[in-house]
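Contents: one structure, followed by commentary.
Residue numbers (our numbering): 3 to 490.
Below, the structure written as structure tokens:
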């Protein structure tokens, strides 16, 4: 929050917006729907008829935990955002696969079984799980939030659809915005997605890592590479903008805020940034992939937003990934799993890798924010006090490495330092972890009580999850989740 903001410092409608040259502004969210309120009020605000303290709508009682707090990838996980694959998976047709980077259409019931096992395991271990669609449904009960969401997600010419959605129950509207809304067509007349749906489904929304990015106590929103996923980012904005459990969290970057629309380099197109490319290495270091999904302009915007925070990270490490279908995000090649251990895909991440990524470091405290070339990712991180001993996805066999990278063997979710969730089909990776003193436990045995895990004990554990269907969608446990709160 901007210094000397007065009432804005504790109002639930106050938003922090980062502009160029590290300047921060306070925006009043009430102004979006009520012209009586200034969009950018003159500070300090000492009196305001629209003021509402943040804690009035919070569900919590007693001591208030922070809404958001993520300063690493491995601190003990307390609260995480997920989404159970729903009708959007059942409604997906083969013509959507290429744009959405699916390798097959999924058997929805089996995918839901696998996802439920992941959620239940997290809950048994004391981790609070919240479903993004449940939050969206609650948001859509607010008429102002509903109007904002429909303005953002429906084309202006869809007047009849808008009229129906204006009056729809919140549960039905949330399901339509995520699961899709069908058109009535004869069986011989409907082939293309536009013939089938007035609102196409969002089968990728189960991958909650991508539409938003939580760093520290704040959030920034993605600018999705695929037009088919743009609605995901708008739904994420609606949830974080209007849900009382999240709305007071500062917004570090919002590509949809036209008041601070960023100037684009000629010919560079629009900025693209997706959450799977962002790794919160430590409070001082963020890693970001320059990939098929995230471009240089998106990284420049990320750097500017982080540089504007006095309490933000010092270094942004850019990892330029080879342009391969298999390497869609940085978290498919590199995920920290303990304070000093990381799963890596050796050909891209290690210094002697055949496809070693180009690595650059940006000093966020420098006015120039130059991209300084570095030797490799792990050496660069070690220089900043965040050294990782690599554990090879697929072990030492180059064939197993390629196969298991493809099936998300490097895409693990840390539940606590040294306690991770990953897909059971990555058997060579799991055997490598076992040789490195990880106890291997199946999620089934944990849920049946045959095994026990204490996240507060200093034990290394790999929890193996069934993954016959979910892995076909090209995303592992790290992709399926977005931490909202972790211990330092």
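All residues carry an ideal CB built from backbone N, CA and C; glycine is no exception.
Residue 300 sits in a helix when the DSSP states are folded into three classes.
If you look at residue 91, you'll find it in the alpha helix (DSSP H) that goes 89-92. In the three-state scheme derived from DSSP, where H, G and I count as helix and E and B as strand, residue 374 is classed as strand. With respect to residue 396, residue 411 sits close: the two C-beta atoms are nearer than 8 angstroms.
By the Cβ test, the region 118-130 is in contact with the region 70-90, since at least three Cβ pairs between them sit closer than 8 angstroms. In this structure, residue 409 keeps its C-beta atom at 8 angstroms or more from the C-beta atom of residue 210. Taking 4 residues as the minimum length, the alpha helix (DSSP H) runs contained wholly in the region 88-130 are 89-92, 99-102, 110-126, in order along the chain. Taking 8 angstroms as the cut-off, the Cβ atoms of residue 176 and residue 135 count as close. Distances from the alpha-carbon of residue 142 to those of 316, 158, 180 put 180 closest.
In the three-state DSSP reduction, residue 360 falls in the strand class (E or B). Per DSSP, the unbroken alpha helix (DSSP H) holding residue 181 starts and ends at 172-181. With a cutoff of 8 angstroms on beta-carbon distance, residue 225 and residue 235 are scored as near each other. It is roughly 43 angstroms from the alpha-carbon of residue 80 to the alpha-carbon of residue 194. Secondary structure note for residue 446: its alpha helix (DSSP H) is the uninterrupted segment 445-449. Relative to the Cα of residue 467, the nearest Cα in the group 481, 460, 72, 423 belongs to 423. In the DSSP secondary-structure assignment, residue 425 is bridged to 467.
Boundaries of the beta strand (DSSP E) harbouring residue 254: 253-255, taken from the DSSP string.
Remark: C-beta atoms of residue 361 and residue 321 approach each other more closely than 8 angstroms. Just so you know, the alpha carbons of residue 18 and residue 405 end up roughly 44 angstroms apart.
The Cβ neighbour count for residue 400, taken over all protein chains shown within 10 Å, is under 16; the residue is labelled exposed. Under DSSP, residue 354 shares a beta bridge with no residue. Residue 418 sits in a strand when the DSSP states are folded into three classes. Judged by pairs of C-beta atoms under 8 angstroms, the region 271-286 touches the region 378-397, as three or more such pairs exist.
Here DSSP, grouped into helix, strand and coil, assigns residue 40 to coil.
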